[in-house]
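Written out below as C-alpha cells is the structure these notes cover.
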Amino acid sequence: MHAKALLTALASLHLANAAVWNITVAGSNGIVFTPNQVTAAPGDTLHFVFASGGHSVTQGTFESPCTPLSGGFDSNIQSNAGANVDIPVNSTDPIWIHCKQVGHCQAGMLFAANAPSSGQTFDAYQAAATGKSSNTSGSSSSSSVAASAATTTGYTSTGAYGNSASPLKPTVWLAGVVAFAAAAAAV
C-alpha cells in the first residue's frame with residue numbers, strides 16, 4: 709500500500725514537469741505550422757490544433773521530408789477546423805513532421821521537434837522539402853537510426869487546448885508538494 713502511494717506521488721511529480729506545446733496547423737500565417745519548431749523534452753506533448761481543414765500532421769524523415777515514415781504517426785487529412793492531435797514526445801531525438809496534402813510540404817508546411825542547431829537543422833530540412841538552398845547543409849549519416857528512435861506511438865485526438873505557441877508549464881514545486889503530501893497521508 710505504501711509503495712503504491714509513493715509510486716503515484718512520483719508519477720505525479722514527473723507529469724508536473726511535462727509541457728504541452730501548442731502548434732497551430734494552417735492558421736492566420738497561412739499554410740504553415742506555427743511555431744514551426746520547438747525543443748521538447750521526454751514526457752512533453754505536441755498538441756496540434758487545426759485552424760482549417762485539409763491538412764495533416766504526418767511524420768517523415770530528414771532525408772525524405774515529404775514522404776510519410778513507415779510506422780510513423782499520421783493524422784490523415786483533417787476535414788474540420790478545430791480538430792486536434794496530440795503526439796507524445798518519448799526522447800530528445802528529432803521528430804520531423806509535414807503536411808501530406810498535395811503540394812503543402814513542398815511549399816514549406818513543415819515542423820520539427822528537437823531539430824539540431826547544426827547539420828540536420830530545420831532550415832536544411834525545409835530546404836530539402838522546398839528545393840531551395842539553405843545556409844546549412846544536412847548530413848545524412850544517421851537517417852535510419854534517428855528515424856526509428858524518433859518514431860512516437862500513441863498519438864490521440866483530444867479536446868481543444870488553445871493556440872498559444874509556448875508550453876503550458878504547471879507550477880512544479882506545488883505539484884511536488886501536493887504529491888508528497890498525498891503519499892505521506894497514505895502512510
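Residue numbers 709 to 895, in our numbering, belong to the letters of the sequence shown in order.
All C-beta atoms, glycine included, are put in the ideal place defined by N, C-alpha and C.
Reference residue i; option with closest CA among the options
| i | options | result |
| --- | --- | --- |
| K808 | H763, A791, A727 and N730 | H763 |
| N784 | Q834, S772, S799 and Q767 | Q767 |
| A835 | S825, A815 and A727 | A815 |
| Q786 | D801, C774, F758 and H812 | F758 |
| N798 | V810, S826, N822 and D782 | N822 |
| H806 | T800, S736 and F830 | F830 |
| S778 | A789, W804, N788 and H812 | W804 |
Nearest-angstrom Cα separation, counted from residue j out to residue i
| i | j | result |
| --- | --- | --- |
| T753 | I795 | 6 Å |
| Q685 | F770 | Because the chain spans 709 through 895 in this model, residue 685 falls outside it and cannot be assessed. |
| A727 | H755 | 10 Å |
| S760 | P776 | 21 Å |
| S825 | T742 | 19 Å |
| L818 | N744 | 7 Å |
| V740 | G780 | 20 Å |
| S772 | T800 | 20 Å |
| S736 | P802 | 26 Å |
| H838 | A820 | What sits at residue 838 in the sequence shown is Thr, not His. Cα to Cα, the separation comes out at about 15 Å. |
| N725 | C813 | 33 Å |
| G790 | D782 | 17 Å |
| V765 | Y833 | 16 Å |
| K840 | N788 | 31 Å |
Buried or exposed (CB count within 10 angstroms, at least 16 for buried), residue i
| i | result |
| --- | --- |
| T747 | exposed |
| P750 | exposed |
| N730 | buried |
| N792 | buried |
| V733 | buried |
| G738 | exposed |
| V810 | exposed |
C-beta neighbour in chain C for residue i, strict 9 Å
| i | result |
| --- | --- |
| G768 | Annotation note: the requested chain C is absent from the structure, which comprises a single protein chain. |
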